[in-house]
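All remarks here apply to the structure that follows.
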Amino acid sequence: MATTLELIGGQGGSSFEFHGLNNGATLKKIGVAVGGSQVKAVRAELTDGKVATFGSANTFNEFEFDLGERITKLSLWGNGAGTRLGAIKFTTSKNRQFFEKMTSWGLKTEYTIDVGSGICLGLQGRSGSDIDCMGFLFINTIKSSVLTDMKYPTLSLFKPQVTPEYVKSVSHHNDTSLVQEESITYSKTLTKTSSWSVSNKIESTLNVSVKAGIPDLVEVSTGFSLTVGVEQSTSLQKTETITESDTINVKIPPGKTMDVEITVGRANIDLDYEAKVKVTCMNGSQLVFPSNGIYTGVTYTSARFGEGLFLFQHDNAPVHTPRSMQKWFVEKNLTGLHRALISTPTETK
Numbered sequence: 001m002a003t004t005l006e007l008i009g010g011q012g013g014s015s016f017e018f019h020g021l022n023n024g025a026t027l028k029k030i031g032v033a034v035g036g037s038q039v040k041a042v043r044a045e046l047t048d049g050k051v052a053t054f055g056s057a058n059t060f061n062e063f064e065f066d067l068g069e070r071i072t073k074l075s076l077w078g079n080g081a082g083t084r085l086g087a088i089k090f091t092t093s094k095n096r097q098f099f100e101k102m103t104s105w106g107l108k109t110e111y112t113i114d115v116g117s118g119i120c121l122g123l124q125g126r127s128g129s130d131i132d133c134m135g136f137l138f139i140n141t142i143k144s145s146v147l148t149d150m151k152y153p154t155l156s157l158f159k160p161q162v163t164p165e166y167v168k169s170v171s172h173h174n175d176t177s178l179v180q181e182e183s184i185t186y187s188k189t190l191t192k193t194s195s196w197s198v199s200n201k202i203e204s205t206l207n208v209s210v211k212a213g214i215p216d217l218v219e220v221s222t223g224f225s226l227t228v229g230v231e232q233s234t235s236l237q238k239t240e241t242i243t244e245s246d247t248i249n250v251k252i253p254p255g256k257t258m259d260v261e262i263t264v265g266r267a268n269i270d271l272d273y274e275a276k277v278k279v280t281c282m283n284g285s286q287l288v289f290p291s292n293g294i295y296t297g298v299t300y301t302s303a304r305f306g307e308g309l310f311l312f313q314h315d316n317a318p319v320h321t322p323r324s325m326q327k328w329f330v331e332k333n334l335t336g337l338h339r340a341l342i343s344t345p346t347e348t349k
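Residue 124 in the UniProt record's numbering is what sits at position 124 of the sequence shown, and the numbering runs on without skipping anything.
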């Protein structure tokens, strides 16, 4: 079993279940009201915002868990008559304690509860006007937890806004009568980021890793769109530093000046995602529940030559060449699309 549960108390009342077994929500807050010979009522809130009350009472003593806080010890008592829950006591990973017990009858048998991983998904038991019996639903001791089966439903609809960032700008003038070849070396450090938000704050308690393809830019005829890379294992927050560098060669015709600007394109990506969280316990059992959230990332295009090149005659008088008469000269293509405009001027303005 992927979960552990032990009910303490009697058999009266109606059964109840209040937990995040289906969506990964965990116990966020618990309030307990006690009477002379029983726990009168329990009010609970999960991290998905759901709230429920079992039993009947107006005033509760409450305990709210911090993000990532787990239950490390739990004891429950019956009321000694075998009919009701009598007391609740637990200690957390932050060494905080909560203890509520019936006010008139003394405590008898203490039941020490197996808390497994300490991650409490919620409560289960029986109740009427009182809490007849109750237990805490825990995930068993965990071996791994992975966010997987990743889908980005709006991927094809997302239109990335690509902003150019300067890498290098150089100018070369050929004042000879021969074609000159010049080398241009560039280097720029870029930081790519990826982040998956997880609903219900489960990442704070489960230490979730990610197995997914990462959205990235792809150039199409109309500009840029998104594609998903090869599936890889990573963390919920990923930062990758890369260096875009190369040496490229351009050929400059006689009597021409060539201005070359090298840029990369930067894009912010925000996408909804749908996935599953797969929790594997040390006993081999698995717990699987759906998850969704927002993927945010920063990515870059490969380095490229800009199109703003100017050509000059021997006397440095600017020459304007219609685009229909221009041609691309591709000298090298290693880290990206390197392009230089070279034209023989046939028309001036």
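Ideal Cβ positions, reconstructed from N, Cα and C, are used throughout, including at glycine.
Spatially closest choice to residue i from the options, by CA coordinates
{"i": "Asn95", "options": "Gly68, Lys143 and Asn79", "result": "Gly68"}
{"i": "Ala33", "options": "Lys73, Ser14 and Thr103", "result": "Thr103"}
{"i": "Pro253", "options": "Leu178, Ile294, Lys278 and Thr3", "result": "Leu178"}
{"i": "Ala275", "options": "Thr263, Gly213 and Leu46", "result": "Gly213"}
{"i": "Glu45", "options": "Ile269, Glu261 and Cys120", "result": "Cys120"}
{"i": "Asp149", "options": "Asp132, Ser233, Ser204 and Thr239", "result": "Ser233"}
{"i": "Phe16", "options": "Gly128, Val279 and Lys159", "result": "Gly128"}
{"i": "Ile294", "options": "Tyr186, Arg304, Leu217 and Trp196", "result": "Trp196"}
{"i": "Phe60", "options": "Asn79, Pro164, Ile8 and Lys101", "result": "Lys101"}
{"i": "Ser171", "options": "Thr193, Thr92, Leu123 and Met258", "result": "Met258"}
{"i": "Gly118", "options": "Asn23, Asn58 and Phe65", "result": "Phe65"}
{"i": "Thr263", "options": "Glu244, Val298 and Arg304", "result": "Arg304"}
{"i": "Ile139", "options": "Glu6, Thr176, Ile242 and Ser291", "result": "Glu6"}
{"i": "Ser209", "options": "Lys238, Asp48, Val146 and Val277", "result": "Val146"}
{"i": "Val51", "options": "Phe18, Val162, Ser291 and Asn292", "result": "Phe18"}
{"i": "Glu110", "options": "Leu123, Cys133, Val250 and Lys89", "result": "Lys89"}
Helix, strand or coil at residue i [DSSP, three-state]
{"i": "Leu206", "result": "helix"}
{"i": "Asn200", "result": "helix"}
{"i": "Arg70", "result": "coil"}
{"i": "Ala267", "result": "strand"}
{"i": "Ala212", "result": "strand"}
{"i": "Leu7", "result": "coil"}
{"i": "Asn256", "result": "Sequence inspection shows Lys at residue 256; the Asn mentioned does not correspond to that position. In the structure shown, Lys256 sits in coil (DSSP, three-state: anything other than H, G, I, E or B)."}
{"i": "Lys159", "result": "coil"}
{"i": "Ala25", "result": "coil"}
{"i": "Asp48", "result": "coil"}
{"i": "Asn316", "result": "Bear in mind that a pLDDT of 40 at Asn316, under 50, signals an unreliable position, so the number given afterwards is only what the model happens to contain. Coil."}
{"i": "Phe16", "result": "strand"}
{"i": "Met1", "result": "coil"}
{"i": "Thr176", "result": "coil"}
{"i": "Phe63", "result": "strand"}
{"i": "Gly35", "result": "coil"}
{"i": "Leu76", "result": "strand"}
{"i": "Ala41", "result": "strand"}
{"i": "Asn249", "result": "strand"}
{"i": "Ala275", "result": "strand"}
{"i": "Leu217", "result": "strand"}
{"i": "Leu190", "result": "strand"}
Presumed contact (8 Å Cβ cut-off) between residue i and residue j, rounded CB distance
{"i": "Ile142", "j": "Cys281", "result": "6 Å"}
{"i": "Lys40", "j": "Gly55", "result": "5 Å"}
{"i": "Lys211", "j": "Glu231", "result": "6 Å"}
{"i": "Gly9", "j": "Gly78", "result": "5 Å"}
{"i": "Val167", "j": "Lys188", "result": "5 Å"}
{"i": "Ser169", "j": "Glu261", "result": "5 Å"}
{"i": "Leu152", "j": "Val228", "result": "Going by the sequence as given, residue 152 is Tyr instead of Leu. With a Cβ gap of about 7 Å, Tyr152 and Val228 count as contacting."}
Host beta strand (DSSP E) of residue i (start-end)
{"i": "Thr53", "result": "Val51 to Gly55"}
{"i": "Phe224", "result": "Gly223 to Val228"}
{"i": "Glu231", "result": "Looking at the DSSP string, Glu231 is not in any beta strand (DSSP E), and its letter there is neither H nor E."}
{"i": "Thr299", "result": "Gln286 to Tyr300"}
Residue-chain proximity (residue i, chain D), Cβ-Cβ < 9 Å
{"i": "Ser194", "result": "Included in the structure is just one protein chain, with no chain D present."}
Exercise. Would you list, in sequence order, the uninterrupted alpha helix (DSSP H) runs of no fewer than 4 residues that lie entirely inside the region 81 to 157?
Key: Entirely contained in the region 81 to 157, not one alpha helix (DSSP H) run reaches 4 residues.
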